[in-house]
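Trainee:
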Amino acid sequence: MSRLDRVSRIGPAGRALVAVTLTLVLLGSPTSFASQQRSAPQVKVGGTLVIDNVSGSLWTCGFNPYSSSTAGWSAGIFYEPLYYVNALNSSTKPWLATAYAWSNGNKTLTFTIRNNVKWSDGKAFSAADVVYTFNLMKKFSGIDLNAIWTVLKSVTQQGNKVVLKFKAPSVSFFYYVADQTFILPQHIWSKISNPVTNTNKSPVGTGPFTLGSCSPQNITYKRNPKYWQKGKPYVSEVRYPAFLDNQPGNQYLASGLAQWGGQYIPNVQSYYLKGNPTRHTWYPPATYNVNLYPNLTQWPTNILAVRKAISLGLDRKKVSTLGVYGYLPPANQTGIILPNWKSWYDSSVASKYNYGYSPSKAISLLQKAGFKRGSDGIFKDKSGRKLSLTIVNVGGFTDWVAECNLISSTLKQIGIQVTQAKLSGNDHTAREQTGHFQLAYDSPTGGPTPYYQFRQILASANTAAIGQTAASNFERFRSGAVDSLFKRYDNTTSAAVQHSIINQIQKVMLTQLPVIPVLEGVSWYQYDTSKLTAWPTPSNPYATPAPYDYPDWEVVLTTVHLK
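The opening residue of the sequence shown carries number 305 in this note's numbering; numbering runs sequentially from there.
What follows is the structure, encoded as structure tokens:
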């Protein structure tokens, strides 16, 4: 999943303790909703909030929360989770559920479902809708985007409670079943023959907004008068224009037409902030990398020596400094985000394999693998095939385009020719999911610990055959040994065991290079306080702040209000 999709991130505060804290929370010590809500003064209701987030495509006006190409505009705002997990501080908030409890050695998770909630069409919401949603994912694996039914045994209703039974202890899956499962209305979706392909043009949800109108150029959301959080949302309308690339999106934001931005702005200080004291930015460090995904089923990216040479030949520092003004730090081949996950980083194994920038080492590897440089400087194999690769990229993301241009120039120096296919956001997603690429540039979904990013990009359950839709393991990596490591992680609450498992996965990243990290991500976030207030800030990080984060954007949209 890319920044078109939901990515969960963690900020600098409490990094060393967050994994332990989250485990304690998920084991059944939920922070109460009331305790996290500051005593709310009388706030103004009304006004319009405009979002400016470059999607790279026009709107298709589909709102299926289980389609990776449309979830970003429907999950949270229409379709809500049972609990909200804030990856910035590891806290949880009850949402469509009011409580949960683990039992049976962490193999049973019971949610108490909230009463007096209505769907936007006026029908009553109940535990039956929750059970229906989970079992629909079991029946149609194409909407089980996090492969939760690989660990679930059953989901049943007991009055206003929903009981999830797991095959083995699975505390780490709380994040997926509570925060990343969006509840559907049974009375609507039971009439849909194929929820995988359903475009869902007329969404009915429990969320704070309903669909006002949609065109390829703009989505308008209207305040839901039936919303269960009394008095919320405070804003009457949300508008979401479509932008194909960063330049017009940035101009729109800088002109003051939007209040909430989520994109890369070159030299943001002079372009957006200077002379405007009500404008602000905050780029919390992320729990994901921006990666090169090599297609492991195709020549030449199925050759380990080629993948090693690419990683060694990447001048990540140059890509960071020149490609994105240093806003995104260089990544490392272990995949561990630094300094966010310093306590998880295995420095000894990283030093042993040493994937620091080394063009000479990259060239030597290719030569030892039997490649020879032609007169044009590009390596060829014994049959004369050039090491010529195409990166599929989103053409509207000017930062990604600049980064890939620099990747191309640095790899050319080691004899690998790289060109870009600058696609629309929708085409880019489709090519990745179906495996029709040589290299792909994208970022996965993160989570409260490194486990979540690694599981997205490496678990066999998240991939598919070429031509079929992969949820997130786009490179088509399959390893029974790695899958076993994920299963062991799922089954333990021991921090020591979890760290040992992540160390072993780092070794896989260094020895097999299934994915090649380029930069560490940030949460792009710009906001304007001239008309609206109560935005997330470093001192009040109540939600991950980028508008493309879901369900976090729902938390923001139910908090922000007129000044």
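Ideal Cβ placement from N, Cα and C applies to all residues, glycine included.
Are there three or more Cβ pairs, one per stretch, closer than 8 Å when the region 767–774 is compared with the region 793–812?
Mentor: no
Trainee: Who does V358 pair with in a DSSP beta bridge?
Mentor: In DSSP, V358 forms no bridge with anything.
Trainee: So, helix, strand or coil for Y743, using DSSP?
Mentor: In the sequence under discussion, the amino acid at residue 743 is Leu, which differs from the Tyr named in the question. The answer is strand: DSSP assigns L743 an E or B state.
Trainee: Look at the Cβ atom of A405, then the Cβ atom of I417, and state whether they are nearer than 8 Å.
Mentor: no
Trainee: Under DSSP, the alpha helix (DSSP H) around R620 begins and ends at which residues?
Mentor: R620 to V628
Trainee: Alpha carbons only, please: which of G516, G511 and G660 is nearest the one belonging to K889?
Mentor: In the structure as shown, the chain begins at 305 and stops at 867. Residue 889 is therefore absent and cannot be evaluated.
Trainee: Start and end of the beta strand (DSSP E) containing P398?
Mentor: T396 to P398
Trainee: Along the chain, where does the beta strand (DSSP E) containing G825 start, and where does it finish?
Mentor: In the DSSP assignment, G825 falls within the beta strand (DSSP E) that extends over I820 to V826.
Trainee: Taking the alpha carbon of I641 as the reference point, which residue from P598, N697, P748 and I711 has its own alpha carbon closest?
Mentor: From the listed residues P598, N697, P748 and I711, the smallest Cα separation to I641 is found for P748.
Trainee: Are the CB atoms of L861 and Q563 nearer to each other than 8 Å?
Mentor: no
Trainee: Could you compute how far the alpha carbon of S843 sits from the alpha carbon of S395?
Mentor: 15 Å
Trainee: Less than 7 Å between C-beta atoms, sequence neighbours within five positions excluded: which residues of the same chain meet that for Y854?
Mentor: R310, A375, G376, A379 and G380
Trainee: Identify every residue that forms a DSSP beta bridge with S519.
Mentor: N522
Trainee: Taking the C-alpha atoms as reference points, what is the distance between I718 and P633?
Mentor: 23 Å
Trainee: Name the two residues that bound the continuous beta strand (DSSP E) containing P589.
Mentor: The continuous beta strand (DSSP E) containing P589 extends over residues P589 to P598.
Trainee: DSSP three-state label for E541, please.
Mentor: DSSP, reduced to helix, strand and coil, places E541 within a strand of the structure shown.
Trainee: How long is the line joining the alpha carbons of Y631 and T454, rounded to whole angstroms?
Mentor: 37 Å
Trainee: So, L488 versus L440, is the Cβ gap smaller than 8 Å?
Mentor: yes
Trainee: Can you pull the DSSP bridge partners for D680?
Mentor: None, per the DSSP bridge assignment.
Trainee: Report back the beta-carbon spacing between T510 and E384 to the nearest angstrom; my notes put them in contact at under 8 Å.
Mentor: So it is a contact: roughly 5 Å between Cβ atoms.
Trainee: Going by the DSSP bridge assignment, what does Q830 pair with across the sheet?
Mentor: G565 and T585
Trainee: Can you tell which of V594, T638, E541 and S713 has the C-alpha that lies nearest to the C-alpha of D619?
Mentor: S713
Trainee: Given a threshold of 16 other Cβ atoms within 10 Å of its Cβ, counted over all protein chains shown, does Q742 qualify as buried or as exposed?
Mentor: Only buried fits Q742, as 16 or more other CB atoms lie within 10 angstroms of its CB.
Trainee: Among residues of its own chain, excluding the 5 on either side of K411, which ones have a beta-carbon nearer than 7 Å to its beta-carbon?
Mentor: Only residues of its own chain outside the window of five on either side were considered, and among them K469, F470, A472 and P473 have a CB closer than 7 Å to the CB of K411, listed in chain order.
Trainee: Whole angstroms is fine: what's the gap from I492's alpha carbon to L710's?
Mentor: 48 Å
Trainee: Assuming K469 is part of the beta strand (DSSP E), what are its boundary residues?
Mentor: K465 to F470
Trainee: When the Cα of K716 is compared with those of N368, T524, F683 and K457, which residue comes out closest?
Mentor: That would be F683, whose Cα lies nearest to the Cα of K716.
Trainee: So, with DSSP's three-state summary, where would you put K457?
Mentor: strand
Trainee: Under a Cβ-count criterion, where at least 16 other Cβ atoms within 10 Å of its own Cβ denotes burial, should W935 be classed as buried or exposed?
Mentor: The chain is shown only over 305 to 867; residue 935 falls outside these bounds and no answer can be derived.
Trainee: Measuring CA to CA, which of V349, W648, D832 and Y592 is closest to E541?
Mentor: V349
Trainee: Exposed or buried, which one is P520 when buried takes at least 16 other CB atoms within 10 Å?
Mentor: exposed
Trainee: Below 6 Å CB to CB, which residues in the same chain sit around D253 once its five sequence neighbours on both sides are set aside?
Mentor: As displayed, the chain neither begins before 305 nor continues past 867, which places residue 253 out of reach and without an answer.
Trainee: Going by DSSP, which residues form a beta bridge with T694?
Mentor: T723
Trainee: Helix, strand or coil: how does DSSP classify R527 here?
Mentor: Of the three classes helix, strand and coil, the one that applies to R527 here is strand, per DSSP.
Trainee: Within the chosen definition, does the region 528–543 reach the region 443–461 through at least 3 CB pairs nearer than 8 Å?
Mentor: no
Trainee: I'd like the span of the beta strand (DSSP E) that includes L877, first residue to last.
Mentor: Nothing about residue 877 can be reported from this structure: the residues present for the chain run from 305 to 867 only.
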